[in-house]
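*Asks:* Have a look at this one.
Residue numbers (this note's numbering): 1 to 145.
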């Protein structure tokens with residue numbers, strides 16, 4: 001089965017929630033399946049991935065997720081911890097799950113981890129770190145979903 005959708009995962013000006021809603025309506029018209037939120041300019045997605053969103057912004061995510069569900073679109077919140085995750089993986093995993101738990105509490109079910117646009121280190125340990133992160137995160141979601 002082919003998946004068709006939209007990834008908001010670029011550099012540049014952030015969209016407003018109204019603009020995202022317009023995209024969502026178009027996705028519905030085109031029978032698309034998903035919307036992934038992961039813009040590089042959202043500092044809480046990438047640079048300060050370890051910091052929590054304010055309640056108002058969490059409410060925006062919750063409302064958008066509900067709007068997606070109403071329109072038959074799966075909404076994914078993506079987080080990009082790769083810039084600093086390797087500094088202290090155990091503590092950083094706790095920060096990651098603490099942040100994601102706020103989304104789970106608000107009804108979000110789908111998540112992605114972006115590990116792109118990092119320095120090009122051809123290091124086997126970096127690959128192992130990323131693989132372990134994905135496996136641990138998958139296990140966390142299985143237990144808490």
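Cβ atoms here follow ideal geometry from the backbone N, Cα and C, with glycine treated the same way.
Under 8 angstroms, do residue 73 and residue 113 count as touching if we go by C-beta distance?
*Replies:* no
*Asks:* Have a look at residue 76 and residue 67 and give me their C-alpha separation to the nearest angstrom.
*Replies:* Whole-angstrom Cα-Cα distance: 13 angstroms.
*Asks:* Assign residue 107 to one of two classes, buried (16 or more other C-beta atoms within 10 Å of its C-beta) or exposed (fewer than that).
*Replies:* exposed
*Asks:* What first and last residue would you give for the beta strand (DSSP E) that runs through residue 75?
*Replies:* 74-79
*Asks:* From the DSSP secondary-structure annotation, give me the bridge partner or partners of residue 112.
*Replies:* 78
*Asks:* Cα separation between residue 92 and residue 85?
*Replies:* Straight-line measurement puts the Cα of residue 85 at about 6 angstroms from the Cα of residue 92.
*Asks:* For residue 145, is the classification buried or exposed, using 16 other Cβ atoms within 10 angstroms of its Cβ as the cut-off for buried?
*Replies:* exposed
*Asks:* If you run the structure through DSSP and keep just helix, strand and coil, what is residue 140?
*Replies:* helix
*Asks:* Can you look up residue 36 in the DSSP assignment and give me helix, strand or coil?
*Replies:* strand
*Asks:* Straight-line CA distance for residue 135 to residue 142?
*Replies:* Pairing residue 135 with residue 142, the inter-Cα distance amounts to about 11 angstroms.
*Asks:* Can you give me the C-alpha to C-alpha distance between residue 139 and residue 22, rounded to a whole angstrom?
*Replies:* 34 angstroms
*Asks:* Whose C-alpha, out of 10, 63, 125, is nearest the C-alpha of residue 46?
*Replies:* 10
*Asks:* Determine the DSSP secondary structure at residue 47, reduced to helix, strand or coil.
*Replies:* coil
*Asks:* With DSSP as the reference, please indicate the residues paired to residue 8 in a beta bridge.
*Replies:* 37
*Asks:* Indicate the three-state DSSP secondary structure (helix, strand or coil) for residue 59 in the structure shown.
*Replies:* helix
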